[in-house]
Amino acid sequence: MDFSALLAATQQELRRGTVVLACLLLLGRPGYGYALLDQLRDLGFAVDANTLYPLLRRLESQGVLTSEWNTEESRPRKFYRTSPEGHRLAAELLADWTRLDESIRRLGLAAPGDSE
Amino acid sequence: MTALTDRYVHAVLRAVPGRQRADLEPDIGALVADTIDARDGDERAALAELGDPSLLAARYAEGPQHLIGPAVYGEWRHILTLLLPIIVPIIAAIVLAANLLGGSTVGEAIVAAMASAIGVGLQTVFWVTLVFAVIERVDAPGVGPKRAWSVDDLPELPDDGRVGLVESGASFVFSVLVLVGLVWVQLQSPIVIDGQRFPLFDPALWSLWLPWFIVVMGAEIALVAAIYLRGRWTVASAIANAVLGLAFVGPALYLLQNDLLFDPVLVAKLTEIAGGAWLRPTTTIIGVVVALVVFWDAVDGFLKARRASQARVTASRHPGGPNPPPRPAR
Chain R
0 MDFSALLAAT QQELRRGTVV LACLLLLGRP GYGYALLDQL RDLGFAVDAN TLYPLLRRLE
60 SQGVLTSEWN TEESRPRKFY RTSPEGHRLA AELLADWTRL DESIRRLGLA APGDSE
Chain P
0 MTALTDRYVH AVLRAVPGRQ RADLEPDIGA LVADTIDARD GDERAALAEL GDPSLLAARY
60 AEGPQHLIGP AVYGEWRHIL TLLLPIIVPI IAAIVLAANL LGGSTVGEAI VAAMASAIGV
120 GLQTVFWVTL VFAVIERVDA PGVGPKRAWS VDDLPELPDD GRVGLVESGA SFVFSVLVLV
180 GLVWVQLQSP IVIDGQRFPL FDPALWSLWL PWFIVVMGAE IALVAAIYLR GRWTVASAIA
240 NAVLGLAFVG PALYLLQNDL LFDPVLVAKL TEIAGGAWLR PTTTIIGVVV ALVVFWDAVD
300 GFLKARRASQ ARVTASRHPG GPNPPPRPAR
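Protein chains in written order, with numbering that gives the first Met the number 0: chain R, 0 to 115; chain P, 0 to 329.
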């Protein structure tokens, strides 16, 4: 495997859960798929509609999102919102993320020079 | 919606399980419409971005998207690599011998043996895979990929703590005898009336059912061997045992009840000698006995599996208890 392929594969592994956390945090305010997609992309999350829409549905079936069809606009849109359970999950994940960030930073400071 | 969009939505829905379809349709419709909007109405580009409908359907689908998952794949491969080198040569040898004894030429016998070997190999792979695909989808305690692994699941070292050699040996020998007997009463029948030799079973059954019974008995032999090598009964082996029992007793009862099992010439001869009144009660009695024996064998497999798992739980809770784990004798 050449380096760019390795990087892409490893990045995908590393980022896997972050989109879930970002969705849970963003959907404190109700939003529908494509609006959420735009927000995520603006924030720098690389995600496609064909993964985000199934993901939202799965999170709903897991009880961390709730949904409602909004029929007031030109065509029906499914608005998602983070459930109380989802907020709890997000808080835990956020704490975890912070711990990981600190640990990785400490490693990053220690690492240069060690391997040379 | 245009025809292209309709076709895309249809292609996605077609690939998800039926019960999900109605529920998913508005979701997929909204996804496609939103994507087209984001592309300023370029439908073709939007659908290209969404990609292969079957991949999108797989992302939406619930349940496993594979036949055999990583949790049971290893065991599936292990059992197949254990069974195939045992079953295939045994069946090939039996068919070869049976054909030679039955008066075929060496060439015919070899061709028949190879055909049986291929057939048995395919059958074995199919049935083992079927059982594992079911296990993959069953979510019950003690079965299925979600079963929690414990240290007690470790197999015993080859030296100690096996399923009794006598027990395995007895059922092994019994199965082989049944298998050989099945072929023998057919090709070198001991039933001789008035100097004429009669096969026990209807020779027409060679076209399907006799090979089927041979295959099932072969699989039974392999299962006994696998359980012996593994050291204990498990729920999986109990299921396999029950499936084999069913595969044996189902066709047998069907043939028996429809008077297709025994050689009609032999039956006619016996009727000529002893009258016809004995026939129906006899087949009924044979059928009931066979069904009971197979049923008990199936139940027994599950009882042994449960006993094996309880014994291990007890042993792990009371290390010095009535069933102390055997020490390696070194």
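Just so you know, even glycine gets a beta-carbon here, dropped at the ideal spot from N, CA and C.
Subject >> Alpha-carbon to alpha-carbon, H9 (chain P) and A2 (chain P) >> reply: To locate residue 2 (chain P), count along the second sequence from 1; it is residue 3. To locate residue 9 (chain P), count along the second sequence from 1; it is residue 10. In a straight line, the C-alpha of A2 (chain P) is about 10 Å away from that of H9 (chain P).
Subject >> Nearest to D193 (chain P) (by Cα), restricted to the options P:I272, P:I89 and P:Y59 >> reply: By 1-based counting over the second sequence, the position of residue 193 (chain P) is 194. Its Cα nearest to that of D193 (chain P), the residue P:I272 stands out among P:I272, P:I89 and P:Y59.
**OP:** Identify whether R76 (chain P) lies in helix, strand or coil by the three-state DSSP scheme.
**Re:** Translated into the one-based positions of the second sequence, residue 76 (chain P) becomes position 77. The answer is helix: DSSP assigns R76 (chain P) an H, G or I state.
Original post:
Can you find a C-beta in chain C that's less than 8 Å from the C-beta of A29 (chain P)?
Top reply: Absent from the structure is chain C; the protein chains it does hold are R and P.
Original post:
So is L106 (chain R) buried or exposed if we call it buried at 16+ other beta carbons inside 10 Å?
Top reply: By 1-based counting over the first sequence, the position of residue 106 (chain R) is 107. In summary, L106 (chain R) is exposed, with fewer than 16 beta-carbon neighbours lying within 10 Å of its beta-carbon over all protein chains present.
Original post:
In chain order, what residues of the same chain lie with their CB nearer than 7 Å to the CB of L64 (chain R), ignoring the 5 residues before and after it?
Top reply: Start at 1 with the first residue of the first sequence, and residue 64 (chain R) comes out as number 65. The beta carbon of L64 (chain R) is closer than 7 Å to those of L26, L55, L58, Y79, R80, T81, S82 and G85 in its chain, skipping five residues each way along the sequence.
**OP:** Please look up how many angstroms separate the CB atoms of P63 (chain P) and E107 (chain P), rounded, as I've assumed it's under 8 Å.
**Re:** Taking the second sequence and counting its residues from 1, the one referred to as residue 63 (chain P) is at position 64. Taking the second sequence and counting its residues from 1, the one referred to as residue 107 (chain P) is at position 108. 45 Å between Cβ atoms; not a contact.
**OP:** Could you run through the stretch 18 to 51 of chain R and flag, in chain order, every residue whose CB is less than 7 Å away from some CB of chain P?
**Re:** Taking a C-beta cut-off of 7 Å against chain P, the contacting residues of the stretch 18 to 51 of chain R are G32, Y33, A48, N49 and T50, listed in chain order.
Original post:
Comparing the C-beta of D5 (chain P) with each C-beta of chain R, is any distance below 8 Å?
Top reply: Taking the first residue of the second sequence as position 1, residue 5 (chain P) is located at position 6. With 8 Å as the cut-off, D5 (chain P) does not count as an interface residue toward chain R.
Subject >> Whether P202 (chain P) touches D262 (chain P) by CB criterion (8 Å) >> reply: Position 203 of the second sequence holds residue 202 (chain P). Position 263 of the second sequence holds residue 262 (chain P). Yes, the Cβ-Cβ distance between P202 (chain P) and D262 (chain P) is below 8 Å.
Subject >> Straight-line gap, V289 (chain P) to D299 (chain P) (C-alpha atoms, nearest Å) >> reply: Counted from its first residue, the second sequence places residue 289 (chain P) at position 290. Counted from its first residue, the second sequence places residue 299 (chain P) at position 300. In a straight line, the C-alpha of V289 (chain P) is about 15 Å away from that of D299 (chain P).
**OP:** Please list the segments of the alpha helix (DSSP H) lying wholly inside the stretch 8 to 63 of chain R, counting only runs of 4 or more residues, in order along the chain.
**Re:** Counting only runs of 4 or more, we get 17 to 25, 32 to 41 and 48 to 60.
Subject >> Span of the alpha helix (DSSP H) around T104 (chain P) >> reply: Taking the second sequence and counting its residues from 1, the one referred to as residue 104 (chain P) is at position 105. If you look at T104 (chain P), you'll find it isn't in any alpha helix (DSSP H); DSSP assigns it neither H nor E.
Subject >> CB of V330 (chain P) within 8 Å of CB of F294 (chain P), strictly >> reply: Any question about residue 330 (chain P) goes unanswered here, given that chain P covers just 0 to 329.
Original post:
So, does the CB of Y59 (chain P) fall closer than 8 Å to a CB anywhere in chain R?
Top reply: In the second sequence, counting from the first residue as 1, residue 59 (chain P) sits at position 60. True, the Cβ-Cβ gap to chain R drops below 8 Å.
Subject >> Close-in-space but distant-in-sequence residues of the same chain around R161 (chain P) (CB under 6 Å, 5 per side omitted) >> reply: Against the second sequence, residue 161 (chain P) aligns to sequence position 162. Here R161 (chain P) scores only 49 on pLDDT, less than 50, and its place in the model is too uncertain to base an answer on.
Subject >> Between the CA atoms of W232 (chain P) and D103 (chain P) - distance to the nearest angstrom >> reply: On the second sequence, position 104 is the one that residue 103 (chain P) refers to. On the second sequence, position 233 is the one that residue 232 (chain P) refers to. Here the sequence assigns Ser to residue 103 (chain P), which means Asp is not the residue at that position. Using only the alpha carbons, I get a separation of about 41 Å.
Subject >> CA-to-CA distance, D36 (chain P) to E72 (chain R), given in whole angstroms >> reply: Sequence index remark: in the first sequence, residue 72 (chain R) carries index 73 (1-based). Sequence index remark: in the second sequence, residue 36 (chain P) carries index 37 (1-based). Approximately 14 Å, taken between the alpha carbons.
Original post:
Can the beta-carbon of L39 (chain R) be found less than 8 Å from the beta-carbon of A21 (chain R)?
Top reply: Your numbering for residue 39 (chain R) matches position 40 in the first sequence. Your numbering for residue 21 (chain R) matches position 22 in the first sequence. Closer than 8 Å, so yes.
**OP:** Can you tell me the Cβ-Cβ gap for L52 (chain R) and L30 (chain P), rounded? I've got them flagged as a contact below 8 Å.
**Re:** For this step, residue 52 (chain R) is matched to residue 53 along the first sequence. For this step, residue 30 (chain P) is matched to residue 31 along the second sequence. According to the sequence shown, residue 52 (chain R) is Tyr rather than Leu. The Cβ separation is near 5 Å, so the contact holds.
Original post:
Listing by chain order, which chain P residues have their CB less than 7 Å from the CB of R74 (chain R)?
Top reply: The residue you call residue 74 (chain R) lines up with position 75 of the first sequence. Chain P residues near R74 (chain R): A32.
Original post:
Would you call the CB atoms of I89 (chain P) and S115 (chain P) closer than 8 Å?
Top reply: The sequence position of residue 89 (chain P) within the second sequence is 90, counting from 1. The sequence position of residue 115 (chain P) within the second sequence is 116, counting from 1. No. Outside cutoff.
Subject >> Under 9 Å by beta carbon: chain R residues contacting A37 (chain P) >> reply: Here residue 37 (chain P) corresponds to residue number 38 of the second sequence, with the count starting at 1. Within chain R, the residues near A37 (chain P) are Y33, L36, D37 and A48.
Original post:
According to DSSP, what are the bridge partners of S66 (chain R)?
Top reply: Numbered from its first residue, the first sequence carries residue 66 (chain R) at position 67. R:Y79.
Original post:
Secondary structure at R38 (chain P), three-state DSSP: helix, strand or coil?
Top reply: Counted from its first residue, the second sequence places residue 38 (chain P) at position 39. In this structure, R38 (chain P) counts as coil in the three-state DSSP scheme.
**OP:** Measure the C-alpha to C-alpha separation of A267 (chain P) and A92 (chain P) and round it to an integer number of angstroms.
**Re:** What you label residue 267 (chain P) is simply residue 268 of the second sequence in a count that begins at 1. What you label residue 92 (chain P) is simply residue 93 of the second sequence in a count that begins at 1. Going by C-alpha positions, A267 (chain P) is about 34 Å away from A92 (chain P).
Original post:
Is S206 (chain P) near the ligand SAH, with its Cβ less than 7 Å from a heavy atom?
Top reply: The model on display carries no ligand, and the ligand SAH is accordingly not part of it.
Subject >> 8 Å Cβ cutoff, R80 (chain R) in contact with chain P >> reply: In the first sequence, the residue the question calls residue 80 (chain R) occupies position 81. Not one beta carbon of chain P lies nearer than 8 Å to the beta carbon of R80 (chain R).
Original post:
Whose Cβ in chain P lies nearer than 7 Å to the Cβ of R56 (chain R)?
Top reply: Reading the first sequence from its first residue, position 57 is the one you call residue 56 (chain R). By Cβ distance, chain P contributes D26 and Y59.
Subject >> Cβ separation of L330 (chain P) and A225 (chain P), assumed to be a contact under 8 Å, to the nearest whole Å >> reply: Limits of chain P in this structure are 0 at one end and 329 at the other, which puts residue 330 (chain P) out of reach.
Original post:
Could you give the C-beta distance for A246 (chain P) and V215 (chain P), rounded to a whole number, given that I count them as a contact under 8 Å?
Top reply: Translated into the one-based positions of the second sequence, residue 246 (chain P) becomes position 247. Translated into the one-based positions of the second sequence, residue 215 (chain P) becomes position 216. That belief holds up - the Cβ atoms of A246 (chain P) and V215 (chain P) are roughly 5 Å apart, short of 8 Å.
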